[in-house]
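Heads up: the structure comes next, in structure tokens.
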Amino acid sequence: MTKLLMINAHPHTTVPSASLTVAASFKTAYQQAHPTDEIITRDLYQDGVPALNDTTFEAWRKQKYGEDLTADEADLLNRHAAWLDEFLAADKLVFVNPMYNHFLPAELKQYLDLTAVARKTFKYTATGPVGLLTDKRALHIQAAGGYYHQADGHNQVEAGDPYLRDMLALYGIQDYRTIFIEGLDQFPEQRDQTIANAKATAEKLAADF
Ligand SMILES: Cc1cc2nc3c(=O)[nH]c(=O)nc-3n(C[C@H](O)[C@H](O)[C@H](O)COP(=O)(O)O)c2cc1C
340 MTKLLMINAH PHTTVPSASL TVAASFKTAY QQAHPTDEII TRDLYQDGVP
390 ALNDTTFEAW RKQKYGEDLT ADEADLLNRH AAWLDEFLAA DKLVFVNPMY
440 NHFLPAELKQ YLDLTAVARK TFKYTATGPV GLLTDKRALH IQAAGGYYHQ
490 ADGHNQVEAG DPYLRDMLAL YGIQDYRTIF IEGLDQFPEQ RDQTIANAKA
540 TAEKLAADF
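Counted the way this note's numbering counts, the sequence shown spans residues 340 to 548.
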């Protein structure tokens with residue numbers, strides 16, 4: 340069965356969000372177009388991305404030297420493994436986030452740290468790293484207050500989407516699509532129309548994703 344993993348990197352649970360609204364439209368349209376597919380939602384804020392911290396590095400060191408792990412260390416490594424397995428098992432990935440300070444929210448960066456694992460998502464070779472996930476495809480849905488991806492120029496520079504694209508390319512994922520919902524704070528009077536346009540784009544894209 341085809342699996343779609345929606346990776347929600349948004350802190351809001353009650354406040355309206357453009358990216359979550361567009362992601363919900365995508366999901367509904369995707370369900371209609373692919374009724375037998377399994378859709379899984381991973382909420383990075385609510386679920387808490389397993390950290391790369393002092394406990395993680397100490398647990399890895401102990402594992403390497405065959406030392407016993409504490410219960411906390413074992414639990415943390417089990418969570419790392421479960422999250423990575425979920426990522427590897429998905430055929431299609433949808434990343435949803437607000438732009439924060441020209442980048443991705445920190446939780447999404449942490450998620451990429453969690454999934455960038457040699458011999459799982461990519462491997463090292465004499466001629467450089469090679470991606471192992473060539474059969475997957477990805478969609479990035481991102482909302483921003485300003486403009487970054489307009490066809491007619493005058494865009495500000497952002498690092499989040501190019502970084503996500505680069506990381507997924509490292510994993511071998513070349514089929515990478517985007518929906519940008521932009522100018523929401525710069526032109527608040529156009530907000531509803533901007534979101535409606537993005538929802539229509541998402542619904543169309545969902546049919547052949
Ligand atoms: C902490 C923070 C940082 C932000 N940084 C940027 C930014 O660098 N560029 C930008 O255009 N908008 C920025 N915004 C505005 C949000 O990207 C914008 O409000 C967007 O609509 C949020 O997505 P949402 O509608 O899905 O919540 C920022 C908002 C917050 C709260």
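Think of the CB as a built atom: it goes at the ideal place given N, C-alpha and C, for glycine as much as any other residue.
Remember, it's a predicted structure, so these values are computed and weren't measured experimentally.
Pull up the DSSP beta-bridge partners for residue i, would you.
i, result
"D514", "R476"
"Q481", "N436, F519"
"M345", "T380, V433"
"F461", "A457, G470"
"F442", "Y439"
Whole-angstrom Cβ separation of residue i and residue j, contact assumed at under 8 Å?
i, j, result
"M345", "A362", "7 Å"
"T460", "L471", "6 Å"
"Y369", "I378", "7 Å"
"V433", "A348", "Contact flag wrong, Cβ pair sits at about 11 Å."
Between the C-alpha atoms of residue i and residue j, what's the straight-line distance to the nearest angstrom?
i, j, result
"L416", "E446", "18 Å"
"D430", "K366", "15 Å"
"Q495", "E412", "42 Å"
"P350", "I480", "15 Å"
"D407", "T395", "14 Å"
"I520", "S364", "13 Å"
"A546", "A372", "5 Å"
Taking the runs of the alpha helix (DSSP H) that are 4 residues or longer, which of them lie wholly in the region 389 to 432?
Runs of the alpha helix (DSSP H) inside the region 389 to 432: 393 to 403, 410 to 428.
Cβ pair count under 8 Å reaching 3, the region 461 to 479 against the region 515 to 522:
A contact is defined here as three or more CB-CB pairs under 8 Å, and the region 461 to 479 meets this definition with respect to the region 515 to 522.
The region 379 to 390 / the region 434 to 451 touching (three or more Cβ pairs under 8 Å):
By the Cβ rule, the region 379 to 390 counts as touching the region 434 to 451, because three or more pairs are nearer than 8 Å.
Per the contact definition of three or more C-beta pairs closer than 8 Å, is the region 495 to 509 in contact with the region 432 to 444?
Look at the beta carbons and you see the region 432 to 444 touching the region 495 to 509: at least three pairs across the two are nearer than 8 Å.
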